[in-house]
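The letter at position 291 of the sequence shown is residue 306 when you use the numbering used here, and the numbering goes up by one with no holes.
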Amino acid sequence: MTTTRPMMCRFCDNGCGVLIELENGRPVKVRGDRDNPAYAGFCCIKGQQVPEQWNHPGRLLQSQKRMADGTFRAIPFSDAIEEIGERLGDIVAKHGPRSVALYKGTYSVVNPATVPVALAFMEAIGSPLIFDTNSIDQPGKAVAQAFHGGWLAPPPAFETRDVTLLIGANPLVSYQMGLPLANPGRELTAAIARGMRLIVIDPRRTETARRAHLHLQCRPGHDLVLVAAMLNVIFRENLFDGEFVKENVKGLEALRTAVAPFEPVLVAGRAGVPVADLFEAARTFAAGRGVATAGTAPSFNGQGTLFEYLLLSLNTVCGQWSRAGDTVTHTGTLTPPFPAIAKASAPHRGYGYDPQLRVRGIANCDGGLQAAALAEEILLEGNGQIRALVSVAGNPALTIPDQVLNVRALESLDLLVQIDIKFSATARLADYVIAPRLPVEMAGMTLSQELTSLYAPGMGYKEAYAQYTPPIVEPPEGSDVVEDWEFFYVLAQHMGLRLAIEPAAAPGTPAYGGRVDLDMESRPSTDELFEILTRDARVPLEEVKKHPHGAIFRDDSLVVEGREAGWTERLDVANPEMLVDLAEAADDFETALHTEAEERHPYRLINGRLIHTYNTNGQDLEGLRRKWPYNPAFMHPDDLGREALCAGDTVEIRSEHGSIRSIVQPDPNLRVGVVSMAPTYGGLPDEQDELVHEWGTNSGRLLRVDDGVDRYTGQPRMGNIPVSVRAWVEN
Ligand SMILES: Nc1nc2c(c(=O)[nH]1)N[C@H]1C(S)=C(S)[C@@H](COP(=O)(O)OP(=O)(O)OC[C@H]3O[C@@H](n4cnc5c(=O)[nH]c(N)nc54)[C@H](O)[C@@H]3O)O[C@H]1N2
Ligand SMILES: Nc1nc2c(c(=O)[nH]1)N[C@H]1C(S)=C(S)[C@@H](COP(=O)(O)OP(=O)(O)OC[C@H]3O[C@@H](n4cnc5c(=O)[nH]c(N)nc54)[C@H](O)[C@@H]3O)O[C@H]1N2
Ligand code: SF4
Ligand SMILES: [Mo]
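So, in structure tokens, the structure goes:
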């Protein structure tokens with residue numbers, strides 16, 4: 016018997032409302048759901064593989080324990096909990112709570128209960144060492160917002176946008192950065208049809224750049240100077256929003272002085288773009304109502320915080336925030352309503368607080384504790400050494416910069432527990448692998464999607480959309496799998512710990528920071544946890560559940576209010592620390608010294624995601640391996656010709672730090688001089704040579720954890736890496 020049910024896809028963070036067909040209770044097909052008001056029939060190739068993922072022979076149906084000889088044996092979940100509880104208890108007793116760390120990966124948001132319960136567990140054992148993938152993504156965004164101050168009203172309605180500036184972001188592939196979540200292609204088409212101008216800054220003529228009115232096909236690594244030069248143009252031509260600035264902004268004159276050295280003709284020359292295009296980008300952006308959003312790439316260039324700060328300042332001086340009287344199209348749905356007052360919140364210090372790490376002076380920040388310092392914290396002996404790591408729904412052996420160092424550190428742990436659906440690279444290093452339920456086997460809701468709008472201007476849904484999805488299928492017969500949060504809950508029960516979780520709320524709302532004690536005697540249901548998490552929601556979960564295809568919960572009475580008299584907080588475009596950094600950047604720009612690495616290596620390696628995989632996930636599914644089972648090193652055909660290389664040749668790519676084997680493929684859309692690879696592929700370091708055709712290559716081996724480090728977030732340089740490329744010769 017065939018049945019069709021609406022479901023929220025959680026293969027990636029786009030959270031599409033799709034339809035899933037079941038035959039005798041087994042998933043057989045996933046397709047778009049035209050009855051979903053936000054996604055409107057959208058479903059990408061990854062989401063279509065959910066049935067294959069469920070049926071995949073590599074999927075773990077039982078938790079695993081590594082035996083003395085290195086092989087794995089299935090272990091009942093309850094036994095695994097007992098053994099892990101005992102070992103963790105011993106480690107904490109002997110070395111203190113800080114010897115235990117948590118790594119929370121991208122897929123920890125699949126089930127909204129995972130992170131709250133995991134954090135509660137860490138709080139209960141008393142360890143603050145929570146490493147977040149965001150620290151190797153765009154951590155500077157949060158620290159920059161702290162320096163700058165926030166705008167206490169949601170962004171203007173997407174429908175009113177007449178300009179979008181995207182820097183190092185490709186939302187038609189990544190579905191995240193700078194266009195509304197849900198169905199970004201459709202949104203872009205409609206917006207362009209109604210007159211929105213799209214400006215893209217990217218060394219590749221990407222899927223998104225091909226639809227732009229203006230594409231600045233820059234050299235990588237020039238985003239900071241390009242934005243500074245755009246500000247320079249805006250000041251010299253008086254294009255900023257004087258009225259908005261007068262009311263709401265401080266530091267304008269200091270910023271004007273600080274960007275003066277970024278002379279547009281010089282910057283355009285260095286960045287390799289026509290100077291007329293740079294002027295046009297600045298003028299178009301300043302003249303329109305819209306938003307500038309960056310993707311990952313500018314954060315990977317070593318000064319993510321400063322870059323994001325300048326980008327916020329660009330939005331601010333152009334007055335790109337909502338005003339009193341604007342309609343609020345997007346506000347809390349499963350969270351409490353976001354505040355909607357046209358005023359600035361006070362800047363705060365968003366970095367340099369506890370926990371402090373022992374290595375390289377790295378401390379916590381608003382962007383999360385730096386994962387690139389994890390390996391050193393594991394390897395550095397002495398008081399405070401990390402000895403046990405629980406890694407939930409991430410794959411640190413492939414994703415943290417400097418793979419060789421990280422794998423060495425993970426191998427040296429006393430205890431590594433990995434929660435993973437398969438024998439990923441990290442799972443193969445673990446002492447225990449906990450087998451979780453797949454998203455189709457769990458309830459879900461659009462809570463984390465909703466909160467992405469707080470990540471940066473131009474992100475998240477464009478309207479108050481929400482969906483709840485019940486579990487669609489039961490796990491295969493005979494399996495012993497749990498929801499990720501149950502691992503932490505049952506372990507806490509076993510260790511006699513009490514847990515309290517935080518209901519979801521945006522910072523600045525009264526509900527933010529609350530705690531609810533969990534019943535530690537009888538295990539709550541997932542829905543009960545969801546009820547706690549959405550306790551203060553504007554739209555009760557119960558109401559959202561009545562709309563299985565998802566719904567938009569508009570409230571036309573919500574209008575942005577004017578600020579109260581006497582409000583003194585202002586958006587700060589001249590934070591002293593940021594301006595010191597900017598002055599340094601200006602000096603560097605002036606001297607334009609080439610590093611030795613740059614002299615030695617003529618190409619720049621950049622990251623570019625592929626449509627058919629999601630980070631390290633999906634690389635094992637046949638339906639996604641058809642186009643590229645590995646991650647090619649894309650180069651411009653002229654560069655291939657120059658190096659006497661042909662499509663499909665095996666090459667050695669060498670950076671100052673390391674060397675990898677890869678396979679080149681032509682991409683005429685790339686700028687000459689650039690090599691683009693999808694990151695986080697490949698296997699463990701000792702397998703690289705056999706895997707290059709089958710699983711690809713880990714470009715993280717070319718990175719150092721201590722090169723080009725952002726001084727606020729600790730994020731190392733992860734893009735624009737000087738490399739040389741030559742044909743691989745067997746020796
Ligand atoms: N299909 C798919 N979607 C994904 C992911 C995935 O793996 N696959 N990963 C998800 C995750 S975790 C994230 S964080 C987001 C990331 O989302 P995005 O940041 O949009 O990621 P990319 O698609 O890699 O786009 C980065 C773009 O920056 C360009 N670029 C590289 N170097 C530079 C530079 O120095 N300057 C400028 N201006 N541009 C540069 C690249 O050519 C590329 O087009 O995507 C998410 N979505
Ligand atoms: N060199 C370089 N390094 C990078 C990047 C880059 O561009 N270049 N990008 C960085 C970015 S933006 C990010 S976000 C990080 C990503 O870093 P991570 O979050 O560490 O990596 P993911 O591949 O997202 O981790 C997914 C893991 O979860 C497992 N998994 C898949 N589905 C589920 C599920 O439903 N439940 C559970 N429990 N597990 C599941 C997968 O098998 C896989 O092991 O990598 C960063 N590293
Ligand atoms: S975009 Fe993401 S959520 Fe949507 S169908 Fe594809 S994988 Fe699923
Ligand atoms: Mo990411």
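Glycine residues also receive a C-beta, built at the ideal position from the N, C-alpha and C atoms.
| Item | Value |
| --- | --- |
| Touching by the beta-carbon criterion (3+ pairs, under 8 Å), the segment 69-83 and the segment 440-457 | yes |
| heavy atom of ligand 3 below 7 Å from asparagine 29 C-beta | yes |
| Per DSSP, the bridge partner or partners of leucine 431 | Leu404 |
| Contiguous beta strand (DSSP E) assignments of at least 3 residues, all confined to the segment 301-356 | 305-309 |
| Whether aspartate 177 touches arginine 304 by CB criterion (8 Å) | yes |
| Host alpha helix (DSSP H) of methionine 593 (start-end) | 591-606 |
| Spatial neighbours of threonine 308 in its chain, beta-carbon cut-off 7 Å, leaving aside the 5 residues before and after | Leu181, Ala184, Met192, Gly193, Ala471, Pro472, Gly473, Met474 |
| Segment contact, 8 Å Cβ cut-off, at least three pairs: the segment 342-351 with the segment 134-154 | no |
| Strand pairing of lysine 80, partner residues [DSSP] | Arg88, Tyr447 |
| Simplified DSSP state of glutamate 579, which is helix, strand or coil | coil |
| Sequence-distant residues of the same chain with beta carbon closer than 8 Å to asparagine 316, five excluded per side | Pro235, Gly236, Asp238, Leu239, Phe322, Gly723, Arg732, Gly734, Asn735 |
| As assigned by DSSP and simplified to three states, the class of phenylalanine 37 | Note that residue 37 is leucine in the sequence shown here, rather than phenylalanine. Strand, per DSSP. |
| When Gly367, Ala387, Ala388 are compared against asparagine 379, the one with the closest alpha-carbon | Gly367 |
| Glycine 257, enclosing alpha helix (DSSP H) - first and last residue | 257-263 |
| Leucine 665 Cβ short of 7 Å to ligand 1 heavy atom set | Here residue 665 turns out to be threonine, not leucine, going by the sequence shown. Checking the Cβ of threonine 665 against ligand 1 gives no. |
| Distance cut-off 7 Å: arginine 220 Cβ against heavy atoms of ligand 1 | no |
| Length-filtered (4 minimum) alpha helix (DSSP H) runs lying within the segment 123-153 | 129-140 |
| Boundaries of the alpha helix (DSSP H) in which methionine 245 is found, first to last residue | 238-251 |
| Distance between proline 563 and leucine 394 (C-alpha atoms, nearest Å) | 49 Å |
| Three or more C-beta pairs below 8 Å linking the segment 682-693 and the segment 215-227 | yes |
| Arginine 298 to isoleucine 356 span [Cα, whole Å] | 28 Å |
| Own chain, CB closer than 7 Å to serine 337, minus 5 neighbours either side, in chain order | Ala168, Pro169, Pro170, Pro171, Ala357, Val575 |
| Threonine 631 beta carbon less than 8 Å from that of leucine 413 | yes |
| Stretch-stretch touch, CB-based, cutoff 8 Å, three pairs: the segment 409-423 with the segment 524-534 | no |
| Bridge partners - alanine 481, DSSP secondary structure assignment | Ala566 |
| Residues near arginine 113 in its chain [Cβ-Cβ closer than 7 Å; skip 5 each side] | Ser142, Leu144, Gly399 |
| Segment contact, 8 Å Cβ cut-off, at least three pairs: the segment 124-132 with the segment 283-290 | no |
| Span separating the alpha-carbon of glutamate 426 from that of arginine 41 | 38 Å |
| Nearest-angstrom Cα separation, counted from arginine 640 out to lysine 61 | 11 Å |
| Endpoints, the alpha helix (DSSP H) within which proline 186 is located | 186-189 |
| Contact belief for arginine 676 with aspartate 654 at Cβ below 8 Å, rounded distance in angstroms | Contact doesn't hold; Cβ gap of about 18 Å is too wide. |
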